[in-house]
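Working notes, structure below.
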Amino acid sequence: MSPQSNCSATEPGLQIVADISSGELVGEGIQRVTRAIKDMKGIFRDEKSRQSLSQDAVVYRVQAVYPVGEGEEGGLFWGTTFIEPGMVGDEYFMTKGHFHANRHRGEYYMTVTGRGALILMDENRRTTFEPMHPGSLHYIRANTAHRVANIGESVLAFWACWPSDAGHDYDSIASLGFSARLRKVNGIATLVEEP
Ligand code: PAN
Ligand code: ZN
Numbered sequence: 024m025s026p027q028s029n030c031s032a033t034e035p036g037l038q039i040v041a042d043i044s045s046g047e048l049v050g051e052g053i054q055r056v057t058r059a060i061k062d063m064k065g066i067f068r069d070e071k072s073r074q075s076l077s078q079d080a081v082v083y084r085v086q087a088v089y090p091v092g093e094g095e096e097g098g099l100f101w102g103t104t105f106i107e108p109g110m111v112g113d114e115y116f117m118t119k120g121h122f123h124a125n126r127h128r129g130e131y132y133m134t135v136t137g138r139g140a141l142i143l144m145d146e147n148r149r150t151t152f153e154p155m156h157p158g159s160l161h162y163i164r165a166n167t168a169h170r171v172a173n174i175g176e177s178v179l180a181f182w183a184c185w186p187s188d189a190g191h192d193y194d195s196i197a198s199l200g201f202s203a204r205l206r207k208v209n210g211i212a213t214l215v216e217e218p
């Protein structure tokens with residue numbers, strides 16, 4: 024047996040390549056979700072501003088691979104999120120944000136390109152944020168709601184890896200929100216407590 028054959032893959036793994044400069048996933052079986060302005064009702068503070076924007080404008084899109092069924096124990100999912108640059112009132116374009124439905128599940132994010140902020144809220148509703156820049160690695164603890172805002176002038180792309188049995192709880196955020204919002208105050212991204 025030649026040394027090369029020892030190194031060759033015997034079983035097909037994921038037939039996917041993640042482009043390290045753009046974050047784009049290329050290959051078979053990628054699931055895609057797009058969130059436009061019209062899908063973001065109730066997420067931003069300034070609902071009038073949201074209504075005044077082009078409703079089909081894309082806020083963010085997600086590409087993800089699900090090698091096992093959603094909700095199944097023991098697997099891991101991988102996804103790229105691309106957030107466009109833009110504002111709704113004084114808030115940056117951002118993801119809806121969620122807790123994991125299974126509160127005991129964490130996640131990793133890694134920024135590929137752009138500038139952003141990872142907004143985190145713990146179970147005591149204490150909200151903080153971590154700056155995101157190419158290569159920045161973020162460990163999202165269990166029991167922590169997470170949302171990402173694009174605070175730069177170009178697309179923000181980040182990778183995420185999360186357990187297949189994490190699930191997503193959007194309802195808690197839809198009804199109670201985060202305890203603070205990232206707003207542009209005098210040109211600076213500032214976390215402002217909600218009244
Ligand atoms: C990410 C998010 C993705 C989109 O893959 O699902 O960034 O954000 P929303 O799910 O809040 O719309 C993740 O955190 N998965 O668990
Ligand atoms: Zn998550």
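With this note's numbering applied, the sequence shown corresponds to residues 24 to 218, in that order. Positions of the beta carbon are idealized from the N, C-alpha and C atoms, including for glycine.
Measure the alpha-carbon distance for residue i versus residue j and round it to whole angstroms.
i: F181; j: P154; result: 12 Å
i: E216; j: G98; result: 36 Å
i: G112; j: F67; result: 8 Å
i: Q27; j: P157; result: With a pLDDT of only 49 at Q27, under the threshold of 50, the placement of this residue in the model should not be trusted, and no figure is reported.
i: E51; j: V88; result: 9 Å
i: E114; j: A212; result: 9 Å
i: P3; j: L199; result: Here the chain covers residues 24 to 218 and nothing more, so residue 3 does not appear.
i: R55; j: A183; result: 14 Å
i: I106; j: F122; result: 19 Å
i: R164; j: E130; result: 7 Å
i: E93; j: F100; result: 9 Å
i: H161; j: G190; result: 19 Å
i: D188; j: K71; result: 37 Å
i: Q74; j: K119; result: 17 Å
Kindly indicate which three-state DSSP category residue i falls into: helix, strand or coil?
i: D192; result: strand
i: E114; result: strand
i: I163; result: strand
i: L179; result: strand
i: R206; result: strand
i: L199; result: helix
i: E130; result: strand
What are the partner residues of residue i, as DSSP defines its beta bridges?
i: P218; result: Partner(s): none; P218 has no beta bridge.
i: R148; result: According to DSSP, R148 bridges with nothing at all.
i: V85; result: V56, T104
i: M155; result: G139
i: P186; result: L99
i: R170; result: I142
i: F67; result: Bridge partners of F67: none, in fact.
Excluding the five sequence neighbours on either side, which residues of its own chain have a C-beta within less than 7 Å of the C-beta of residue i, listed in chain order?
i: G65; result: A197
i: T134; result: M155, H156, P157, G158, S159, F181
i: R204; result: R68, E114, V215, E217
i: E176; result: P108
For residue i, which residues in the same chain have their Cβ closer than 6 Å to its Cβ, ignoring the five residues on either side in sequence?
i: L10; result: Any question about residue 10 goes unanswered here, given that the chain covers just 24 to 218.
i: G109; result: F116
i: Q38; result: G50, E51
Under 8 Å Cβ to Cβ from residue i, same chain only, skipping five residues before and after it: list those, please.
i: L202; result: Here residue 202 turns out to be Ser, not Leu, going by the sequence shown. Hits under 8 Å: M144, R148, R149, T150, E216, E217.
i: V40; result: L48, V49, G50
i: R84; result: R55, V56, T57, R58, T104, F105
Looking at chain C, is there any beta carbon in it that lies within less than 8 Å of the beta carbon of residue i?
i: Y193; result: Among the chains in the structure shown there is no chain C, since it carries only a single protein chain.
In chain order, what are the residues with a CB under 7 Å from some non-hydrogen atom of ligand 2? H121, H123, E130, I163, H169, A183, W185, A189, H191
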